[in-house]
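Structure first, commentary second.
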Amino acid sequence: MASPRIIIVGSGIMGACFAYAAAGRGCRPLVISGDAPDSGHTATATSWAWINASSANDHAYFQLRYQSLQRWQGWMQQLDGLHYSAQASYCWDLSPNDIRTTAQQLTEWGYPCSILSAASLISHLPCLRDIPVAALYLPLEGAVEPVSTAQLLLKASGAETIKAHSHGLLGSADKITGVMTDQGEFSADEVILATGNGTPRLLDTIGVSFSMASTYGLLVRSKPIPTMLKGLITAPKFHLRQQPDGRLLVGGTFGAYDPAKGTGHLASDAEAQLDLVREAFDMPAPLEVERFTLGYRPIPEGGMPKIGRLTLDSGKLLKGLYLAVMHSGFSNGAGVAEAAMDELLDGEASDLLSPFQAN
Ligand SMILES: Cc1cc2nc3c(=O)[nH]c(=O)nc-3n(C[C@H](O)[C@H](O)[C@H](O)COP(=O)(O)OP(=O)(O)OC[C@H]3O[C@@H](n4cnc5c(N)ncnc54)[C@H](O)[C@@H]3O)c2cc1C
104 MASPRIIIVG SGIMGACFAY AAAGRGCRPL VISGDAPDSG HTATATSWAW
154 INASSANDHA YFQLRYQSLQ RWQGWMQQLD GLHYSAQASY CWDLSPNDIR
204 TTAQQLTEWG YPCSILSAAS LISHLPCLRD IPVAALYLPL EGAVEPVSTA
254 QLLLKASGAE TIKAHSHGLL GSADKITGVM TDQGEFSADE VILATGNGTP
304 RLLDTIGVSF SMASTYGLLV RSKPIPTMLK GLITAPKFHL RQQPDGRLLV
354 GGTFGAYDPA KGTGHLASDA EAQLDLVREA FDMPAPLEVE RFTLGYRPIP
404 EGGMPKIGRL TLDSGKLLKG LYLAVMHSGF SNGAGVAEAA MDELLDGEAS
454 DLLSPFQAN
């Protein structure tokens, strides 16, 4: 049977994962995107890009994330140049009691993890000065470099890419047949929206309301310093990893910053974020801000990913349209894209995705 014509709108990590998963099944989609993956307008370019399953406390969500992590590992074996740039997570942004409960839960779910005492943590992180009583150690987790990873997957997919803004979805009340862009009309059997925070606007063009609860996230990049850290750290007040070029990538408290309230001062917040790292570590060299970004995490209302077809008021599914909107696009991307291809190309409903219905 001939492959359906697929248009993917969006070339962030979700669009890139979809393109790569489709190519793995002999299907070459058309990717239409307003911004390239390196544009600071995308969540992808402003992401910390941690791939983990340990931060999910809901079992269905854990399963999706763990399968996705395993997919990433498979893709890393298949594709030259795709690899973790930091590996193994050390997490102590939980109380010692919560660390114990989380380790027990993850172990019951079959996820490799252990608890490190202060003494063993220091052998993993010799530069650490501010040592917690215990930390969760998650050896399978890691981070990728966000922009180069999205670019690599897109290139490897062989997908044709077009830079264009999509103004609206085309079709009838029960089937989408294409998109209207500033380069004209493009038609397809399936349109995949990998449009992150741009999704509500596109769905509005067919009269569908889609609510988001997105939050801002400040990420500070330091000037390069000698290697001090191979893994990822989530401490109570900061998230930290070091890129292969020596730059530290420091994130802050989740969801704290909101420019709509007009009270932030980003440059001093960025300095304050580095101060936390200066206090917590014996630094191998002075730490200076090189630049910072303010990203916007695409979080659907309710916090969980929204994936799949939309259900119309009549109870029928809207054909020809498939959504994938989520925070944790890095953790989830590979697993979501492969399971979505089971649904789109093989017609198999995915048990992994069914808890995350689009509406
Ligand atoms: C500070 C921060 C830290 C994060 N840390 C992590 C982390 O550690 N781990 C993790 O898994 N996730 C993390 N995330 C979340 C993750 O980055 C996002 O979930 C992911 O990047 C979303 O990817 P996406 O492709 O859906 O959206 P985006 O990267 O925003 O891409 C959307 C694409 O759609 C295109 N588009 C939108 N509307 C239109 C239109 N009308 N016409 C044409 N094109 C359109 C855009 O041009 C773009 O190409 C973080 C996010 C932030 C901001």
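If you count the sequence shown from 1, you need to add 103 to reach our numbering.
Think of the CB as a built atom: it goes at the ideal place given N, C-alpha and C, for glycine as much as any other residue.
Val-380 in three-state terms, based on DSSP
helix
Stretch pair the segment 282–294 + the segment 337–351: three plus CB contacts closer than 8 Å:
no
Name the residue from Pro-329, Leu-379, Pro-107 and Tyr-319 whose alpha carbon lies nearest to the alpha carbon of Lys-364.
Tyr-319
For Asn-435, count the other beta carbons within 10 Å of its own beta carbon; 16 or more makes it buried, fewer makes it exposed. Which is it?
buried
What number of angstroms, rounded off, separates the C-alpha of Met-315 from the C-alpha of Gln-176?
30 Å
Let's test the definition: count the other Cβ atoms within 10 Å of the Cβ of Asp-196 and tell me whether it reaches 16, buried, or not, exposed.
buried
With DSSP as the reference, identify every bridge partner of Tyr-240, one or two as the case may be.
Tyr-193 and Ser-217
For Leu-420, I'd like the list of residues in its chain whose CB is within less than 8 Å of its CB, leaving aside the five on either flank, ordered along the chain.
Arg-412, Leu-413 and Thr-414
Given that a residue counts as buried once 16 or more other Cβ atoms are within 10 Å of its Cβ, and exposed if not, what is Ala-276?
exposed
Is there at least one non-hydrogen atom of ligand 3 closer than 6 Å to the beta-carbon of Asp-138?
Because ligand 3 does not appear in the structure shown, any question about it cannot be addressed here, the ligands present being ligand 1.
Rounded straight-line distance, which links the Cα of Ala-383 to that of Ala-237
15 Å
Closer than 7 Å by C-beta to Leu-447: which residues in its own chain qualify, once you throw out the five before and the five after it? Chain order, please.
Glu-293 and Tyr-425
Does the beta-carbon of Leu-377, which I'm using as the reference point, lie nearer than 6 Å to any heavy atom of ligand 1?
no
In terms of residues, what are the limits of the beta strand (DSSP E) holding Gly-320?
318–325
How many Å lie between Arg-108 and Tyr-123 at the Cα?
15 Å
Taking C-beta to C-beta, are Ser-391 and Lys-326 nearer than 7 Å?
Sequence check: residue 391 is Glu here, not Ser. Cβ atoms of Glu-391 and Lys-326: closer than 7 Å.
Comparing alpha-carbon positions, which option in Leu-231, Ala-267, Gly-406 and Arg-168 lies nearest Ala-139?
Ala-267
For Ile-225, which of Ile-218, Ser-217 and Ile-234 has the nearest alpha-carbon?
Ile-234
Using C-beta distances below 7 Å, list every residue in its chain close to Ala-437, excluding the 5 sequence neighbours before and after it, in chain order.
Cys-120, Ser-171, Arg-174, Trp-175 and Trp-178
Using the DSSP secondary-structure output, state which residues sit across from Cys-283 in a beta bridge.
Note that residue 283 is Met in the sequence shown here, rather than Cys. According to DSSP, Met-283 bridges with Gly-271 and Glu-288.
Am I right that Ala-189 and Gln-345 are in contact with their C-beta atoms under 8 Å? What's the rounded C-beta distance?
7 Å
Where does Ser-136 fall in DSSP's three states?
strand
Are the CB atoms of Phe-459 and Pro-403 nearer to each other than 7 Å?
no
By a C-beta neighbour count over all protein chains shown, 10 Å radius and 16 as the cutoff for buried, is Thr-205 buried or exposed?
buried
Can you give me the start and stop residues for the beta strand (DSSP E) that Val-311 sits inside?
Element bounds for Val-311: n/a, residue is neither H nor E.
Do His-186 and ligand 1 come close, with the Cβ less than 6 Å from some heavy atom?
no
Indicate whether Ala-126 and Ser-269 have their beta-carbon atoms separated by less than 7 Å.
no
Taking Cβ positions, are Gly-299 and Ala-146 nearer each other than 7 Å?
yes
Going by beta-carbon coordinates alone, are Leu-321 and Gly-271 separated by less than 7 Å?
no
Run through DSSP, which three-state label would Trp-178 get?
helix
Assuming the contact rule is C-beta atoms closer than 8 Å, Val-311 and Leu-351 should be a hit. Round their C-beta distance to whole Å, please.
Actually they do not touch by this definition, with Cβ atoms about 42 Å apart.
Do you know whose CA, among Leu-228, His-368, Tyr-164 and Asn-462, lies nearest Leu-343's CA?
Leu-228
Thr-147 at chain B interface by Cβ criterion, 7 Å
No chain B is present in this structure, which holds just one protein chain.
Taking the continuous alpha helix (DSSP H) assigned at Tyr-123, which residues delimit it?
116–126
For Pro-403, which of helix, strand or coil comes out of DSSP?
strand
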